[in-house]
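Chains as they are written, first to last, in my numbering: chain A, 28 to 262; chain B, 28 to 262.
Note sheet for the following structure.
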DNA sequence: GCAAAAGTGTTAACTATACACCCATGC
DNA sequence: GCATGGGTGTATAGTTAACACTTTTGC
């Protein structure tokens with residue numbers, strides 16, 4: 028009955044790359060590590076997968092504990108399993124990335140960890156291979172966001188066109204033509220224009236929009252049809 | 028020094044979804060399982076991650092052992108870690124998908140496992156959650172192949188236009204207009220036309236092409252620029 | 001000579017790009 | 001009234017999509 032008995036076992040951890048968008052830069056949430064080894068150094072939030080827990084559930088647990096948020100967008104990113112990635116003991120880590128609305132986060136901050144948002148392109152040195160985890164997660168986010176409009180998960184309920192544009196610019200490190208981008212957005216069927224304006228960014232104010240939830244779900248769920256776009260010149 | 032000592036450990040396995048294209052259907056390579064439990068049932072090829080081995084290396088080892096092939100295209104697919112996914116003992120599996128040229132495989136068959144190619148859409152019942160693994164891997168393959176021309180990894184050195192078209196049709200379960208598709212291919216800069224013809228498929232014969240390796244590498248490696256194509260109607 | 005697959009050309013619809021000005025408002 | 005960011009229109013180029021016939025050759 029005891030199959031596999033000569034196989035080695037490993038500790039299994041999850042680490043989360045939590046993306047947030049403050050309206051200006053694309054940020055990730057980092058924590059001062061609360062346990063040894065490498066205590067008090069900046070790191071991705073993580074934890075060990077418990078005995079009765081799947082890795083996804085472990086990631087959701089960590090996220091809930093550290094951000095107060097449940098029901099957020101989470102995707103598997105990659106496994107980091109080099110035998111030497113932690114020097115003391117072998118730990119294999121599954122990384123996830125999460126997209127959260129920073130405004131929701133702000134209000135639920137209830138923990139005794141030191142946490143801080145850092146711009147994606149300007150993070151402090153991190154423990155182990157956590158910087159590599161972030162690089163990979165950024166790539167995954169870009170790929171996914173190229174096919175599905177998931178970046179809206181980073182925005183609040185109500186958002187403006189300039190906000191979306193800035194978000195895409197920061198995600199892909201590009202500059203967009205706002206005229207063309209607005210047209211594209213408005214033609215996507217994803218947006219519902221509200222009467223209200225956001226006056227914080229300018230005197231004139233920018234109209235708020237909200238997502239058309241139904242259209243959004245469809246686009247998020249839609250299975251991939253044929254769309255090889257690898258014809259694009261790789262500059 | 029012994030941090031983490033109260034954390035549970037798990038057995039870590041890799042399972043590989045090996046895709047192959049025989050010119051007609053997109054297939055995966057399945058094996059009659061050689062160990063208990065579930066011995067002699069069809070399953071994905073896999074193995075345990077060893078103490079001094081990273082998961083990628085474990086996957087490469089399994090692939091090498093079962094197909095004789097090294098240096099093949101492998102991508103991480105997803106982690107399957109439900110605590111109950113194997114009933115006897117907790118095993119967390121990292122799945123990879125590999126793209127191989129079935130012709131190379133044929134000639135190196137040197138093992139005592141029972142192995143067989145099955146059409147992706149017509150597999151026998153598999154152990155544990157292996158059928159789900161295949162579904163997920165297929166989705167990953169589709170997503171990746173939508174952005175990068177990786178499907179060429181499934182073709183031999185020399186291939187014909189109708190072969191590529193069929194491959195795309197089988198991958199996405201669609202029917203293509205061969206005129207438009209051929210034009211797109213020829214305009215991609217990926218193909219070098221050879222003098223020789225493949226006469227096995229028709230009396231007239233179809234010209235062989237080979238990949239322009241340089242262009243191919245560029246396109247495979249190219250980092251993602253801005254290309255949200257989520258405007259597409261989700262039918 | 002005919003069956004069977006390979007290969008090619010044109011037009012119309014659509015999508016993406018490039019580009020510059022007016023608008024609304026708070027101060 | 002002016003500075004600031006928000007918003008819009010149009011023309012062009014490029015890309016995709018829809019469509020049917022001719023070519024080659026083994027039998």
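Note that CB positions come from ideal geometry on N, CA and C, so glycine has one too.
Model, not experiment: these values are computed from the prediction.
- Counting along the chain, the unbroken alpha helix (DSSP H) around residue 86 (chain A) starts and ends at 82-94.
- In the displayed model, residue 103 (chain B) falls within a strand according to three-state DSSP.
- In the pairwise beta carbon analysis, the region 208-227 of chain A is classified as not touching the region 196-216 of chain B: fewer than three pairs are separated by under 8 Å.
- Excluding five sequence positions before and after residue 108 (chain A), the CB atoms of its chain that fall closer than 6 Å to its own CB belong to 119, given in chain order.
- Sorting A:146, A:169, A:30, A:50 by C-alpha distance to the C-alpha of residue 61 (chain B) places A:30 at the top.
- Residue 36 (chain B) counts as buried, since at least 16 other C-beta atoms from the protein chains shown sit within 10 angstroms of its C-beta.
- Secondary structure at residue 32 (chain B): coil, using DSSP grouped into helix, strand and coil.
- DSSP places residue 216 (chain A) in the coil class of the three-state scheme, outside both helix and strand.
- Taking a 10 Å sphere around the C-beta of residue 115 (chain B), we find fewer than 16 other C-beta atoms and assign the residue as exposed.
- Against chain B, the CB of residue 116 (chain A) has a partner CB under 7 Å away; the residue lies at that interface.
- Under the rule that a run must span 3 or more residues, no beta strand (DSSP E) segment is found entirely inside the region 150-220 of chain A.
- In the structure shown, residue 68 (chain B) falls within a coil segment according to DSSP collapsed to helix, strand and coil.
- For residue 223 (chain B), the three-state secondary structure derived from DSSP is strand.
- Counting of Cβ neighbours within 10 angstroms places residue 129 (chain B) among the buried residues, the total reaching 16 or more.
- Take residue 65 (chain B), set aside five residues on each side of it, and the residues of its chain with a beta-carbon closer than 8 Å to its own are 154, 155, in chain order.
- Between residue 125 (chain A) and residue 177 (chain A), the C-beta spacing is not below 7 Å.
- Residue 32 (chain B) and residue 63 (chain A) have their C-alpha atoms spaced approximately 11 Å apart.
- In this chain, the alpha helix (DSSP H) harbouring residue 242 (chain B) covers 240-248.
- Its Cα nearest to that of residue 52 (chain A), the residue A:182 stands out among A:182, A:93, A:101.
- Taking a Cβ-Cβ threshold of 8 Å, the residues of chain A close to residue 30 (chain B) are 62, 63, 64, 115, 116, in chain order.
- C-alpha of residue 112 (chain A) to C-alpha of residue 192 (chain A): approximately 38 Å in a straight line.
- Scanning its chain for C-beta atoms nearer than 7 Å, with the 5 sequence neighbours on each side dropped, one finds around residue 220 (chain B) the residues 234, 236, in chain order.
- Classified as buried, residue 160 (chain B) has 16 or more neighbouring CB atoms from the shown chains inside 10 Å of its CB.
- Residue 145 (chain A) and residue 152 (chain A) have their C-alpha atoms spaced approximately 11 Å apart.
- Interface with chain A (7 Å Cβ-Cβ cutoff): residue 163 (chain B) is excluded.
- Your pair residue 104 (chain A) and residue 164 (chain A) checks out as a contact, with CB atoms roughly 5 Å apart and the cut at 8 Å.
- In its chain, beyond the 5 residues on either side, 175 have a beta carbon closer than 6 Å to the beta carbon of residue 247 (chain B).
- Taking residue 223 (chain A) as the centre and dropping the five residues before and after it, the same chain places the C-beta of 185, 234, 235 closer than 8 Å to its C-beta, in chain order.
- At a cut-off of 7 Å between C-beta atoms, residue 102 (chain B) does not count as an interface residue with respect to chain A.
- Just so you know, the alpha carbons of residue 59 (chain B) and residue 162 (chain B) end up roughly 20 Å apart.
- Close CB contacts of residue 242 (chain A) within its chain, under the 6 Å cut and outside five residues either way in sequence, are with 216, 217 (chain order).
- DSSP places residue 131 (chain B) inside the alpha helix (DSSP H), whose first and last residues are 129-133.
- The straight-line gap separating the alpha-carbon atoms of residue 67 (chain A) and residue 141 (chain A) is approximately 9 Å.
- Taking a Cβ-Cβ threshold of 8 Å, none of the residues of chain B is close to residue 194 (chain A); the smallest such distance is about 11 Å.
- For the region 30-45 of chain B, residues whose beta-carbon sits nearer than 8 Å to a beta-carbon of chain A comprise 30, 31, 34, 35, 36, 37, 38, 39.
- Straight through space, the alpha carbons of residue 147 (chain B) and residue 189 (chain B) are spaced by roughly 20 Å.
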